[in-house]
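Only one structure is covered here, and it is reproduced in the block below.
Residue numbers (this note's numbering): 5 to 279.
Put into structure tokens, the structure is as follows:
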């Protein structure tokens, strides 16, 4: 006589539950009094099974596993992101392409065509996601449908949004050591509008366990008190990560270049308005 519980858990987390030489699994079983059955790797099942004589042992084990996986999630790569596309505007794309050509012709040290974002992929990122199972992807599709319905009921729905993309900006205070160059619209009107959208979005995603407040905080898309969205709107134009060949050994340190002259000559570049 025993209780059996199928716990939804993306297969990518199974290695954390088992641990080196099965030590994590043994520790979890000892602390909870519950037997953990992890499917074989080739089965690719997004679940683990908990077996125990008492319900409370299963509840205890489930809580311990959730705590462990929440901690280990930071080690996993992001798989998806939510963005506001900008590339649908032909004029904007042309101006971004023209900027790339103008800069490459200058032959600045450390800058070549490979570090530029293709104009067809220009966007504002609202948040990054870690969706490691088919079930999580399906859940996200449902969440986005819910978000669409919620937004269509607001007074802002149907009111056009425009972003005036102007200037070059960097992530740090030192223009001599730069890895990313971006453009943006710094108006409070656009910022407030997209923060309101992000507030709705984050609330829905958290309610469905698709993103944690810990993850949103680490992405720096929340206010300092963690209560509201504060998305840093930036459309990446140049990123030294793009220059890395897939055949090269990945270095832990990002390559940088001196952007002083670039900022001096092109700092006020105007990419126009995107609706």
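Even glycine gets a Cβ: it sits at the ideal position worked out from N, Cα and C.
Cβ distance (whole Å) where residue i is taken to contact residue j below 8 Å
{"i": "residue 198", "j": "residue 235", "result": "6 Å"}
{"i": "residue 83", "j": "residue 133", "result": "6 Å"}
{"i": "residue 126", "j": "residue 233", "result": "That pair is no contact at about 22 Å."}
{"i": "residue 116", "j": "residue 180", "result": "Between residue 180 and residue 116 the Cβ distance is about 18 Å, and since that is not below 8 Å, they are no contact."}
{"i": "residue 279", "j": "residue 93", "result": "7 Å"}
{"i": "residue 57", "j": "residue 8", "result": "Actually they are not in contact, since the Cβ atoms of residue 57 and residue 8 sit about 11 Å apart, beyond 8 Å."}
{"i": "residue 21", "j": "residue 40", "result": "7 Å"}
Limits of the unbroken beta strand (DSSP E) element including residue i
{"i": "residue 146", "result": "Counting along the chain, residue 146 falls outside any beta strand (DSSP E), though it belongs to the alpha helix (DSSP H) covering 138-156."}
{"i": "residue 243", "result": "239-243"}
{"i": "residue 39", "result": "39-41"}
{"i": "residue 121", "result": "Element bounds for residue 121: n/a, residue is neither H nor E."}
{"i": "residue 274", "result": "274-278"}
{"i": "residue 51", "result": "51-56"}
Coil, strand or helix - residue i by DSSP
{"i": "residue 2", "result": "Summary: the structure shown does not reach residue 2, with the chain confined to residues 5 through 279, and so no result is reported for it."}
{"i": "residue 214", "result": "coil"}
{"i": "residue 25", "result": "helix"}
{"i": "residue 46", "result": "helix"}
{"i": "residue 97", "result": "helix"}
{"i": "residue 13", "result": "coil"}
{"i": "residue 225", "result": "coil"}
{"i": "residue 132", "result": "strand"}
{"i": "residue 108", "result": "helix"}
{"i": "residue 87", "result": "strand"}
{"i": "residue 127", "result": "strand"}
Start and end residues, alpha helix (DSSP H) containing residue i
{"i": "residue 265", "result": "264-270"}
{"i": "residue 63", "result": "59-76"}
Buried or exposed by the 16-neighbour rule on C-beta atoms within 10 Å, applied to residue i
{"i": "residue 33", "result": "buried"}
{"i": "residue 275", "result": "buried"}
{"i": "residue 28", "result": "buried"}
{"i": "residue 202", "result": "buried"}
{"i": "residue 74", "result": "exposed"}
{"i": "residue 118", "result": "exposed"}
{"i": "residue 67", "result": "exposed"}
{"i": "residue 71", "result": "exposed"}
{"i": "residue 120", "result": "buried"}
{"i": "residue 175", "result": "exposed"}
{"i": "residue 14", "result": "buried"}
Any non-hydrogen atom of the ligand MG within 8 Å of residue i CB
{"i": "residue 134", "result": "This structure lacks the ligand MG, and indeed carries no ligand of any kind."}
Runs of 4 residues minimum, wholly inside the region 166-191: which ones carry the alpha helix (DSSP H) assignment? none
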